Amino acid sequence: MTAWLTAHYDGWAAAMAGAAVTDWFDWYNMADMNTWAGFGLGGSPWLNDNATNYWRQSPMAYAHQIRTPTLILSNRGDERVTVSQSYKLYHALKDNGVEVQFVVYPIAGHFPGDPVHQRDVRRRWIAWIAEHFDRATATSGR
């Protein structure tokens, strides 16, 4: 939702995308629970012209519109949302001159299960939001 929202509304001071689904077509082809997407997207992308529907519903189709500074966090071994989804978002933002930071944790799973990585995720998230909210407040004169 982060990538979708920032692509459709530019009023955000900062964003954090953690293990974000950015391309439904890739998610269907590489995720461990891929058939779930078919329920909301009209079935397999390989049926008829349904691949077009998958693309229209994917945040990557609108990534060129994102201007919000974005922190991207992902786990290298995430079978639910492969790290390639985060790489796509990172390159789209970087190529379009958007402030972006990308962290890949060398672990499996959709969210870190150990306290060390959990703490690091939360620390980075809070620091990113605090930095950009402070910056937004300073430029707004409040």
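Sequential numbering from 1 applies to the sequence shown in the working numbering. Where is the CB? At the ideal position from N, CA and C, for every residue including glycine. These numbers were taken from a predicted model, which means no experiment stands behind them.
Taking Val81 as the centre and dropping the five residues before and after it, the same chain places the C-beta of Ala19, Val21 closer than 6 Å to its C-beta, in chain order.
The C-beta distance from Leu41 to Asn29 rounds to 13 Å, too long to fall under 8 Å, and the pair is not in contact. The segment 100–111 makes no contact with the segment 33–51: fewer than 3 CB pairs, one atom from each, lie closer than 8 Å. Rounded to whole angstroms, Ala17 and Phe39 show a C-alpha spacing of 24 Å.
The beta carbon of Tyr90 lies closer than 7 Å to those of Ile72, Val100, Phe102 in the same chain, with the five residues before and after it left out. Beta-bridge pairing by DSSP links Ser74 to Val104.
Taking C-beta atoms as the reference points, Asp78 and Ala108 count as a pair closer than 9 Å. In the three-state DSSP reduction, Met1 falls in the coil class, being neither helix nor strand.
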